[in-house]
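Just so you know, the sequences run in chain order A and B.
One gets this note's numbering by counting positions in the first sequence from 1 and adding 412 to each.
One gets this note's numbering by counting positions in the second sequence from 1 and adding 14 to each.
We put the CB at the ideal spot given by N, CA and C, even for glycine.
Keep in mind that this is a model prediction, so the values were computed, not measured.
Right, one structure below, let's go through it.
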Amino acid sequence: MTQSTAPARILVIDDESQIRRFLRISLKSQGHEVLEAATGAEGLALAATQAPDLIVLDLGLPDADGKAILAELRAWSQVPVIVLTVRNTETEKVRALDGGANDYVTKPFGVQELLARIRGLLRQRGDQAGPAGCFEDGRLRIDLGRRLVARDGVAVRLTRKEYAVLQTLVSHPGRVVTQTQLLRELWGPTHLEDSHYLRIVIGKLRQKLGDDSGEPRYLQTETGVGYRFIGRPAEQAD
Amino acid sequence: MLSRCERSDRGDGLACAEAEIHQQTDGECPALEGERTESIRPRLLVAVDGIGNSEALVRAAQRLAEGRRAPWTVAFVDLGATGPAQRARVERAFLLAERLGGDTVSLRGTDPVAEILAFSRARGITTLVLGRSRRRPLAVLIGRTLSQRLLREGGELEITFVPSRARGGPVALAKDRVLWQARDYLIAIGAVAFTLALALLVHPWLPLANLSPLFLAGVLWAAVRTGTGPALLAAGLSALAYDFFLEPRYFLVVHDASGLLTIGFFLFMVVVGGQLAGRLRRQLQALRATNAQTQGLLDLSRRLAPLTETASVQRETVAALARHLRLPTLLLAPGETDDRLSLIAASDPRLELDAHVLEAVAWCYSQRQHCGIQSQKWAELPWRLIPLLQEPACFGVIGIGYAGKPPPTAIELAALDVLVGQATLAMARTCLTDRLEQARLGEETERLRSALLSSVSHDLRTPLASIIGAASSLRTLGDQLSAQDREELLDALLSEGERLDRYIQNLLDMTRLGHSTLTLQRDWVGIDDLIGSAQRRLRELLRGLTVVRRIDPDLPLLHVQPALMEQALVNVLDNAAKFSPPGGAIEIAVRRDGSDLLLRVCDQGAGIPAAERERVFDMFFTGDGGDRDTQGSGLGLAICAAIASAHGGGVTAEPGADGQGTCIALRLPLQAEPDHRAPPA
């Protein structure tokens, strides 16, 4: 459960010292090196000088709008960023994700949720060379290289859109992909409002992959935000 | 008692004036002594007839009233036979009276003496001021002049006759009158001529006795159409014509005594019948005029009666006035907080007011007096501005536009005042209702505020107490606790923290939903997805319970705000989990029901008494169980109901299957998906 990824340097930008303390303790326990910043300006300076592997950014900073800091950061860095938001701000989350954040965690959150997100992002960074776009959990097998999807050894026939959606989600394992991103990539910028297309495709995909929306094993809905591929590869399963 | 009578006969039929001043209670003549007691407040009534120089009379009366510092009213008795010139004279007298500060009243009836006396008694008039316009020697002889009758019948009144000084008026009037009456006489002669022709035509076949009703009919018709004079002429002519048919025929000589008698009866019948018919006609005309005004008033009251909001009363007033008067109408009213007037309603949205008119409107509002056309102030404007005055409040100003139209007559203005008065009453009524409603709302707000306070103090503190307790136990007793106890305390920390989070979420949602400006950001979403994420958020709470999902396949997507709807589901599930016995089952069933989606969440708890099933959706209602720990904050279901209704749906509480537990049924309207075809491949 708490299997660790390769130690990384993580920058936490949050004005709440209690949150920073809790994050420092938890992240250090996983072997990570933790840098702390209480303000956006301080955070940007550390990001520029210390070259962190990952940034945890609170969107509600007192000195600057989190999205502005994100935009500034994205001007010169592609470092993975997890934003901390509060509930009831779905549009805010989506804006941050579309503005360059890689994932989000809703406050208040449990540490296991944050660690899972961090793992997802760090793994992606490190595993670029891994089994390029390959997923296998003993039941479902997705081979993006050969465009092959099989369930219990039987090939699953997917339409082009279904496959495209699955491909986008699987190539960012554990990471949220916003609805807007999916719609733009798959249907083009004129169909950003046509979310019902996506709902239908996801529904069909779940049906074909044998997934359950109540207790999803592969495709998890992030209400009001987007989707996340949460399949656990066989070698990582508990 | 002091009595004075002046008589100055100038021969123009105008200047005869009589004055008789009855003493007031102190026995001194107030007009002469300049003193009066306050025991009876003097009130003057000036009766004008539009025949004499009514304006001179009004001026004289005003001087008299000023001397006595008495309020005064100008009255005109409309007998239903008023000619246009006479009407115009009365109008001028009325307008003059209004300018000089007097009231005006138009009475309708057939007997001017009775009307004037009835009005005087009703209004507590002490002094009657009259002018004399024409001499009626015959009427004087038989004691039937107005003044004689008033003196006889109005014993309690002080009656003053005022000489009219101007001479020009009545001469011009006489010309009008002659013209007016000449027409009537012509009609009378024509009627007789027609009757005669008819009689000649039918005479060979009819016995003589049957001809008299024919003439009688002709004369009656003339009497109905004209007045007494022309009717008498018609009667005389008819008698002569009838005589034609008596023996000896075609001679105007009557030999027979019975023939003379017949003619005599004939004349008498005609005079009496003509009088009666003439009175009926005048009454009918007066009734018609009154009826038109009453209709307008009735129409307005009927439309205003059911309205409960000031805004709709304002709109309806403008609409009804514009319809009734066929003139542009508008209403300006002060805002709720400041006294600045703004245009509330207009019969024509293109109406524009220049600065001049606005200034007049402000004056009208601040001075609480009408102004504009036909008044003392701002008379050059084509607008009549009337304050909506119901002491001590003024609800605004009504403006009637007369641009390009003939100016209003005093009678029209009086009728308009009555209509506006009616509207003002309606506004006063709604204003009172509004205030009552506000008071009720204030009370409700107060009740909610105290409920919120007690809820916050209880529901925030309870989990906090557990958190602080558990954390301090771990901190101080750490080593002495068994591993299992430590686990339990840690679990308590976590679950109480989550509970606190849910409660705060509810408080936030409540504030947000209570805001009337909430606009839904709808998106297409599957109900199974929403249920899934709601379950995920309640994972810890639902642990140990069995959740059974029965979702019909191929349900259409919902068009809702996903996060809000998820919160509604979380609250319903949270509620079900709270009331479930340990190890109980919660069933979530979703199906399509007509054009709605029906979601039912059933628990196996104790159930809700029938009487409380509606109230569980009230804010802060927590049942009578007493133990608030399990009852919760009383917010969750209220928020769920608010979210459902914001989406056009609803929530009900029903008893569970076999009468056990409770089912919360959430009903949401389904909307057609924008495109049912498969997404473009």
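Nearest candidate by alpha-carbon position, reference B/D431, set B/R103, B/P576 and B/L335: B/D431 has its Cα closest to that of B/L335, out of B/R103, B/P576 and B/L335.
Residues from the stretch 442 to 474 of chain B in contact with chain A, defined by Cβ distance under 7 Å: Considering only beta carbons, no part of the stretch 442 to 474 of chain B lies closer than 7 Å to chain A.
Cβ of B/G511 within 9 Å of any chain A Cβ: So yes, B/G511 belongs to the interface.
Coil, strand or helix - B/T308 by DSSP: Under the three-state reduction of DSSP, B/T308 is assigned to helix.
Reference B/L439; option with closest CA among B/L507, B/E129, B/A548 and B/S315: The option with the nearest alpha carbon to B/L439 is B/S315.
Neighbour list for B/E601 in chain A, Cβ cutoff strictly below 8 Å: Neighbours of B/E601 in chain A, taken as residues at a C-beta separation under 8 Å, are lacking, since the least C-beta distance is about 13 Å.
Reduced DSSP secondary structure (H/G/I, E/B, other) of A/Q632: DSSP places A/Q632 in strand when its eight states are reduced to three.
CB contact check: B/D641 to chain A, cutoff 9 Å: Unreliable positioning characterises B/D641 in this predicted model, as indicated by a pLDDT of 38, which lies under 50. A coordinate reading is not provided.
Rounded separation between B/A300 and B/L455 - CA only: In a straight line, the C-alpha of B/A300 is about 50 Å away from that of B/L455.
Residue-level contact to chain B via CB, A/E627, 9 Å cutoff: Using beta-carbon distances, A/E627 counts as an interface residue toward chain B, with a partner under 9 Å.
Cβ neighbour criterion (16 or more within 10 Å) applied to B/H573: Its Cβ being crowded by 16 or more others within 10 Å, B/H573 is buried.
Own chain partners of A/E448 with C-beta closer than 7 Å, once the 5 adjacent residues on each side are dropped: Excluding positions up to five away in sequence, the list reads V424, R432 and R436.
Endpoints, beta strand (DSSP E) assigned at B/V143: For B/V143, the enclosing beta strand (DSSP E) starts and ends at T141 to G145.
The stretch 289 to 307 of chain B contacting the stretch 246 to 262 of chain B, beta-carbon criterion three pairs below 8 Å: Fewer than three Cβ pairs drawn from the stretch 289 to 307 of chain B and the stretch 246 to 262 of chain B lie within less than 8 Å of each other, which leaves the two stretches out of contact.
Chain-ordered chain A contacts of B/Q549 [CB-CB under 9 Å]: G626 and E627, listed in chain order.
Euclidean distance between Cα positions of B/V539 and B/Y379: Cα-Cα distance, rounded: 56 Å.
Same chain, Cβ closer than 6 Å to B/F229, five either side skipped, listed in chain order: Answer for B/F229: T209, S252 and Y256, listed in chain order.
Straight-line gap, A/D426 to A/D465 (C-alpha atoms, nearest Å): Going by the C-alpha atoms only, they are around 17 Å apart.
Element boundaries [beta strand (DSSP E), containing B/H573]: For B/H573, the uninterrupted beta strand (DSSP E) segment begins and ends at L572 to V574.
Straight-line Cα distance separating B/R137 from B/G232: Going by the C-alpha atoms only, they are around 44 Å apart.
Integer Cβ distance of A/V495 from A/L471, believed to fall under 8 Å: At roughly 5 Å, the Cβ-Cβ gap stays under 8 Å, so A/V495 and A/L471 are in contact.
Partner residues on chain A for B/V574, Cβ-Cβ distance less than 9 Å: Correct list: empty, because the minimum Cβ distance to chain A is about 10 Å.
Exposure of A/Q462, with buried meaning 16 or more beta-carbon neighbours within 10 Å: Exposed, by the Cβ-count rule.
Contacts of B/L571 in chain A (Cβ-Cβ under 7 Å): Within 7 Å Cβ-Cβ: H608 and R611.
Any chain A beta carbon closer than 9 Å to B/R563: For B/R563, the answer is yes, since a Cβ of chain A falls inside 9 Å of its Cβ.
Residue of B/G511, B/E512 and B/A484 minimising C-alpha distance to B/D499: That would be B/A484, whose Cα lies nearest to the Cα of B/D499.
Coarse secondary structure for A/Y639, derived from DSSP in three states: The answer is strand: DSSP assigns A/Y639 an E or B state.
Where A/D564 falls: helix, strand or coil (DSSP): Correct three-state label for A/D564: coil.
Spatial distance of B/W392 from B/L246 (CA atoms): Answer to the nearest angstrom: the Cα atoms are 51 Å apart.
Any chain A beta carbon closer than 9 Å to B/W538: Yes, B/W538 lies at the interface with chain A (some Cβ there is under 9 Å from its Cβ).
Sequence-distant residues of the same chain with beta carbon closer than 8 Å to A/T635, five excluded per side: Excluding positions up to five away in sequence, the list reads E502.
Bridge-paired residues (DSSP) for B/R605: In the DSSP output, where bridge partners are listed per residue, B/R605 has B/L612.
Any C-beta of chain A under 9 Å from that of B/A319: Not a single CB atom of chain A sits nearer than 9 Å to the CB of B/A319.
Euclidean distance between Cα positions of B/I622 and B/I602: Going from the Cα of B/I622 to the Cα of B/I602 covers about 18 Å.
Chain A within 9 Å of B/T644, Cβ atoms only: Because B/T644 carries a pLDDT of 48, less than 50, the predicted location of this residue cannot be relied on, and no value is offered for it.
Any C-beta of chain A under 9 Å from that of B/L508: Yes, B/L508 counts as interfacial toward chain A.
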